[in-house]
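Colleague: Quick one: the structure is below, questions incoming.
Residue numbers (full-length UniProt numbering): 1 to 610.
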């Protein structure tokens, strides 16, 4: 009897170990947004981004990942670290510090924005903080850095460390506390960098910095909203006027856009830059515009482009509240593993706000659940997963807007023997399905393609013509539109329900041990699209593209181009014949141009090996 008990315990222990081994954590890869809705606004700037502060939802992006000079917008990092030092009691507002000769020299240079500082004079942290934000004063920004770290180089290294902690790459491109060129540090300049080198960051980087600043220290807005003030140094009073002309009382103020911050930036290399923030209808937005025109000191281009961007957002989007307890039509229930019931209804756990196109209704919003199934038991009211709202990209993430999900009734667990039986039964069933699928696959391998090639299909390897010798369909009018990709078949099909209506030669990712670099599964067309791109790391580009996964990472695009923009004909000849990409789906130039221009965002994309 004892031997049987020991044997039973051993079997149960083994099964439990197997179950634990089979449970694998999900890893999430960070990614950023480069282009999103960029063709909807003719923005005359090198790069830009617009986000919702609380959710991080990206509403617009143009070259948002491109590293460019940021000039005085750099001072927002200095301000963050100053507020951090105050918060941690390493500095106090009334504490006085004296400038070095180099700081005095910079502060009195008429070519730079600033207030005059004097040698051997003490200035409070509060004075320097206000001068940095209101007048964009360069000397005070440097003096704040000195007060925090003791020297300019030590402070810049602290700035870099802060960016690394926020997962911002390229932090070594920071050289000064104020955004001026490297040579303005004098003897403290970074000798391993060009004298003329400037701080470079992307619009996305700036949006991340601003998000941290406003979320942790929202009181900064009490100063950034000040249009005019004075810098008092004994009997010397220097008037200060905010360079943010969109503030109330200044020349570019517009009551439709009640801007209360944040920071401008201007150098010859950077052009005119502007990071703005405003609150409207209960939501705070952040915009960053970089590389706008700066023809003269009174050129308002950066503010005009910012207003154009804000107008686009408010004309085309509205913030919609998704209430607690809401049930999405596309995810009413989820599968339950080891439960008494096979599925359970899931609901929104906490109310959330999302920006949607004004014509978009919540009832037909496309939603994806974070898990294939939930495991019993689950307690009512607890978080069981997340709803991801398709095509609502989030800053510094490869995910869409996420909303916590819950169940309204306890999900009870089946008894132990039933759970063990279900697991063994499922393993056996999966083995049969795998065996059957291998037979089916062996049959399909003979031709690789789920549909017969149409008679008018051009010869494989033809990259400069349409794939079919007929008019390409109007995708906005196709009923039950979706896209089917056969990786091994080197074909991409435009589908209307169950019927292919247009066939394209295509090339997917290279195979490694029967696994393609192109991920398989069901995805959806995303908003990122454009006329051309170039990837310096891969030394490869393309002429037309539209994203279907990870917001600009996986694309439909043309056959590849070289660094000079010419077609890589050796790779182009693979079209319709063999795999060759790094993970994207290559198409002919006419097909990629048509698809990028006309396929609606949200269109389902199914990618399979066959």
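Note that CB positions come from ideal geometry on N, CA and C, so glycine has one too.
For clarity, every value in this text was computed on a predicted model and none was experimentally measured.
What residue does the beta strand (DSSP E) around residue 391 start on, and which one ends it?
Modeller: Residues 383-393.
Colleague: According to DSSP, is residue 483 part of a helix, a strand, or is it coil?
Modeller: Looking at residue 483 - three-state DSSP - the assignment turns out to be strand.
Colleague: Can you list, in chain order, the residues of its chain with a C-beta nearer than 6 Å to that of residue 226? Leave out the 5 residues immediately preceding and following it.
Modeller: Contacts found: 134.
Colleague: Does the beta-carbon of residue 310 have 16 or more other beta-carbons within 10 angstroms, so that it is buried, or is it exposed?
Modeller: Residue 310 should be labelled buried.
Colleague: May I have the straight-line CA-CA distance separating residue 487 from residue 304, to the nearest angstrom?
Modeller: Cα to Cα, residue 487 sits roughly 46 Å from residue 304.
Colleague: Does the Cβ of residue 161 lie closer than 8 Å to at least one heavy atom of the ligand SAM?
Modeller: The ligand content of the structure shown is nil, which means the ligand SAM is not present either.
Colleague: Tell me whether the beta-carbon of residue 574 lies closer than 9 Å to the beta-carbon of residue 580.
Modeller: A contact, by the Cβ cut-off of 9 Å.
Colleague: For residue 37, is the classification buried or exposed, using 16 other Cβ atoms within 10 angstroms of its Cβ as the cut-off for buried?
Modeller: It counts as buried.
Colleague: Under the three-state reduction of DSSP, which class applies to residue 142: helix, strand or coil?
Modeller: It is helical.
Colleague: So, is residue 189 buried or exposed, given that buried needs 16 or more other C-beta atoms within 10 angstroms?
Modeller: The residue is buried, with at least 16 neighbouring Cβ atoms inside 10 Å.
Colleague: Beta-carbon of residue 175 versus every beta-carbon of chain B: anything under 9 Å?
Modeller: Judged by its chain identifiers, the structure shown contains no chain B, having just a single protein chain.
Colleague: Just how far apart, CA to CA, sit residue 76 and residue 363?
Modeller: Straight-line Cα distance between these residues: approximately 41 Å.
Colleague: Please state whether DSSP places residue 284 in a helix, a strand or coil.
Modeller: Of the three classes helix, strand and coil, the one that applies to residue 284 here is strand, per DSSP.
Colleague: Mapping DSSP to helix, strand and coil, what is residue 246?
Modeller: If DSSP states are grouped into helix, strand and coil, residue 246 belongs with coil.
Colleague: Thinking C-beta only, is residue 370 closer than 9 Å to residue 348?
Modeller: No, the Cβ-Cβ distance between residue 348 and residue 370 is not below 9 Å.
Colleague: So what's residue 323 in DSSP terms, helix, strand or just coil?
Modeller: Reduced to three states, the DSSP call for residue 323 is coil.
Colleague: When DSSP builds the beta bridges, which residues end up paired with residue 274?
Modeller: According to DSSP, which records beta bridges pairwise, residue 274 is partnered with 264, 289.
Colleague: Among 57, 546, 193, 450, which residue has its Cα nearest to the Cα of residue 524?
Modeller: Looking at the Cα atoms, 546 is the closest of the given residues.
Colleague: I need the straight-line Cα distance from residue 607 to residue 576, nearest angstrom please.
Modeller: Straight-line Cα distance between these residues: approximately 15 Å.
Colleague: Of all the beta strand (DSSP E) runs that stay within the bounds of the region 30-69, which reach a length of 3 or more residues?
Modeller: Segments of the beta strand (DSSP E) lying fully in the region 30-69: 47-52, 58-62.
Colleague: Does the structure place the region 322-342 close enough to the region 267-287 that three or more beta carbon pairs sit under 8 Å?
Modeller: In short, these stretches do not touch, since the Cβ pair count stays below three.
Colleague: Kindly provide the ranges of any alpha helix (DSSP H) runs that are 4 or more residues long and lie completely inside the region 135-186, ordered along the chain.
Modeller: Listed in chain order, they are 138-149, 152-165.
Colleague: Excluding sequence positions up to five away, which residues of its chain have a Cβ less than 7 Å from the Cβ of residue 470?
Modeller: So the qualifying residues of the chain are 456.
Colleague: Under the three-state reduction of DSSP, which class applies to residue 351: helix, strand or coil?
Modeller: If DSSP states are grouped into helix, strand and coil, residue 351 belongs with coil.
Colleague: So the candidates are 393, 407, 565, 406; which of them puts its Cα closest to the Cα of residue 548?
Modeller: Closest option to residue 548, Cα to Cα, is 393.
Colleague: So what does residue 368 bridge to, in DSSP terms?
Modeller: The partner list for residue 368 (beta bridge, DSSP) reads 388.
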